[in-house]
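In what follows, a structure is listed as structure tokens, so that the remarks can point back to it.
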Amino acid sequence: MERDQAYRYRCYPNAVQRHELARTFGAARFVYNWALRERTDAFYERGERMSYVQSSAALTALKQSEGHDWMNEVSSVPMQQALRHLDTAYRNFFAGRSRYPAFQRKHGKQSAEYTTSAFRYRDGQITLAKMDAALKIRWSRPLPPDVKITTVTVSMDAAGRYFISLRFKRPVQPMRPVDGAVGIDLGITSLVTLSTGEKVHNPRHTKRDAKKLAQAQRKLSRCQTNSNRRAKQRKKVARIHARIQDRRSDHIHKLTTRLIRENQTIVVESLAVKNMVRNRTLAQHISDAAWGELVRQLRYKADWYGRTLVEIDRWYPSSKRCHACGHVVAALPLDVREWTCPACGVVHDRDLNAAKNVLAVGHTVTARGEGVRPKRFTAAASFVESGISLL
Ligand SMILES: [Zn+2]
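-14 is the number of the first residue of the sequence shown in my numbering; add one for each residue after it.
This is the structure in structure tokens:
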């Protein structure tokens, strides 16, 4: 069996390439927005659903019409891919999976996608259509040997940094099965607490970055709209965001790889559940983003290596239940880090007790034998113990 995989790298286009990319990003964005308007109008004015093929024919006509010569100067592939992306966005919308497609903005993340006819991969170098020189890429990890790259996406984030993502097909590589199972509790003081008792902290500096970010955002909100200073400050905010993101993603990659290697079954609560019990502060926004990233990575790595990820998507009292005797306390304020079970007298670390309960729920789900490994499970409603009010 084969799976799609993508590796992403920083890249450093030279001045000529940056200029070409800016034009290509612009063209792809223009086509996306133009086709979105065409399709929306077709729907409102004629009650028609325009297909990808119709959009594509309309694009060909547009390129030949007066005043659109510039569209023939850049590579046509990223424009065509923009139409495909829009088509996917529509499919998701009609299937009820997402909202109506939105116009792409000039200030957001820019990207252009190149398929095989529009790039060359030779001697470990990538050259894009309409460019003479290969892109300078920081190969932070080697590509697997003998892969056939199917798609190349170049993007620029709001902080002005360039990235290249290389997509390729690769055979699935299950790891040797192991016996371990682990429950995970996400916290704010510790990034995660494992049912084994281990606590993993946020990367150092994150707190300092968060403070800097809050400061920079306050400053941004005081800048006048459309001023030069505001544009500058916006970039500054984006750079801090990017730094926090990078550090977090790196940290989480190491953690998820280790969890997958050491355990056959990994149990987490879903983010929707976590959101029910917490209020919104900056620290929580940051830990939410970390949680989302953690679960995303666990999902694909579990798939990839043949492990089982159980996601508990129903609320149950993971913090308030004593894992030793099953007693549930009525209330447990967020600032209580340690508590003594009134029924059995066991002293609990709040997060460790929660992680152990999460693991216990995971065991009951897998014990019901819902399918064969590797598979992802979600827990059903039956864990809410009777007589306990939700929240
Ligand atoms: Zn107890």
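Cβ coordinates follow ideal geometry from the N, Cα and C atoms, glycine included.
Keep in mind that this is a model prediction, so the values were computed, not measured.
**Request:** Report all residues from its chain with a CB closer than 7 Å to the CB of Ile237; omit the five preceding and five following residues, and keep chain order.
**Result:** Ala275, Glu278, Leu279, Gln282
**Request:** Report the partner residues of Gln49 according to the DSSP bridge assignment.
**Result:** According to DSSP, Gln49 bridges with nothing at all.
**Message:** Are the CB atoms of Arg155 and Ala(-9) within a distance shorter than 8 Å?
**Reply:** no
**Prompt:** Straight-line CA distance for Asp231 to Glu30?
**Reply:** 46 Å
**Message:** Quick check on this structure: which residue in Asn211, Arg284, Ser96, Leu179 has the alpha carbon closest to the alpha carbon of Arg3?
**Reply:** Ser96
**Message:** For the alpha helix (DSSP H) containing Arg3, name the first residue and the last one.
**Reply:** 0 to 31
**Request:** Would you tell me roughly how many angstroms separate the C-alpha atoms of Tyr99 and Glu323, rounded to the nearest one?
**Result:** 54 Å
**Request:** Count the other C-beta atoms from every protein chain shown that fall within 10 angstroms of the C-beta of Ser367, then say buried if there are 16 or more, exposed otherwise.
**Result:** Residue confidence is low: Ser367 scores 34 on pLDDT, short of 50, so the model does not pin down where it sits. No coordinate-derived value is stated.
**Pick from Thr138, Asn213, Arg161, Asn248 that is closest to Val167, judged by C-alpha positions** = Asn248
**Prompt:** Under a Cβ-count criterion, where at least 16 other Cβ atoms within 10 Å of its own Cβ denotes burial, should Met64 be classed as buried or exposed?
**Reply:** buried
**Message:** I believe Ala143 touches His92 by the beta-carbon criterion, under 8 Å. Please report the beta-carbon distance rounded to the nearest angstrom.
**Reply:** 7 Å
**Message:** Contact between the region 302 to 319 and the region 331 to 339 is defined here as three or more beta-carbon pairs at a separation below 8 Å; is this criterion met?
**Reply:** yes
**Request:** Compare the beta carbon distance of Val132 and Phe104 with 8 Å and say whether it is the shorter of the two.
**Result:** no
**Request:** With a threshold of 16 other CB atoms inside 10 Å of the CB of Val321, please say whether the residue is buried or exposed.
**Result:** exposed
**Request:** Closer than 7 Å by C-beta to Ser175: which residues in its own chain qualify, once you throw out the five before and the five after it? Chain order, please.
**Result:** Lys184, Val185, His186, Asp336
**Tyr147 vs Tyr(-3) beta-carbon contact at 8 Å** = yes
**Which of helix, strand or coil DSSP assigns to Gly145** = coil
**Asked** Heavy atom of ligand 1 less than 7 Å from the Cβ of Val314, yes or no?
**Response** no
**Request:** Flag Ala352 as yes when its Cβ comes closer than 7 Å to any non-hydrogen atom of ligand 1, and as no otherwise.
**Result:** no
**Message:** Per DSSP, what are the beta-bridge partners of Glu254 in this structure?
**Reply:** Ile297
**Prompt:** How is the alpha helix (DSSP H) around Asp334 delimited, first residue to last?
**Reply:** From DSSP, Asp334 is part of no alpha helix (DSSP H) but of the beta strand (DSSP E) over 332 to 334.
**Prompt:** Taking three-plus beta-carbon pairs below 8 Å as touching, is the region 49 to 65 in contact with the region 4 to 15?
**Reply:** yes
**Item:** Residues sharing a beta bridge with Pro156, DSSP
**Value:** Glu(-13)
**Item:** Straight-line gap, Met(-14) to Arg82 (C-alpha atoms, nearest Å)
**Value:** 27 Å
**beta strand (DSSP E) segment containing Phe78, residue limits** = Element bounds for Phe78: not the beta strand (DSSP E) but the alpha helix (DSSP H), 61 to 79.
**Request:** Quick one: give me the first and last residue of the beta strand (DSSP E) that Ala166 is part of.
**Result:** 166 to 171
**Request:** Give me whichever residues DSSP pairs with Ile111 in a beta bridge.
**Result:** Tyr106
**Message:** With the cut-off set at 8 Å, would you say Ala201 and Gln218 are in Cβ contact?
**Reply:** yes
**Request:** Would you mind reading off the limits of the beta strand (DSSP E) that contains Gln391?
**Result:** Residue 391 lies beyond the stretch modelled for the chain, which goes from -14 to 376, so this question has no answer here.
**Message:** Looking at the secondary structure, which residues open and close the beta strand (DSSP E) in which Thr178 lies?
**Reply:** 177 to 179
**Request:** Could you work out which residue in Tyr301, Phe28, Arg299, Gln89 is closest to Val16 when comparing CA atoms only?
**Result:** Gln89
**Item:** Closer than 7 Å: Val331 CB and nearest ligand 1 heavy atom
**Value:** yes
**Prompt:** Starting from Glu323 and walking both ways along the beta strand (DSSP E), at which residues does that stretch end?
**Reply:** 323 to 325
**Message:** Please report the distance separating the alpha-carbon of Arg(-5) from that of Arg126.
**Reply:** 11 Å
**Closest by C-alpha distance to His348, when choosing among Ser304, Leu317, Pro327, Glu296** = Glu296
**Item:** Which listed residue (Tyr37, Glu23, Thr191, Ala216) has its alpha carbon closest to that of Asp235
**Value:** Thr191
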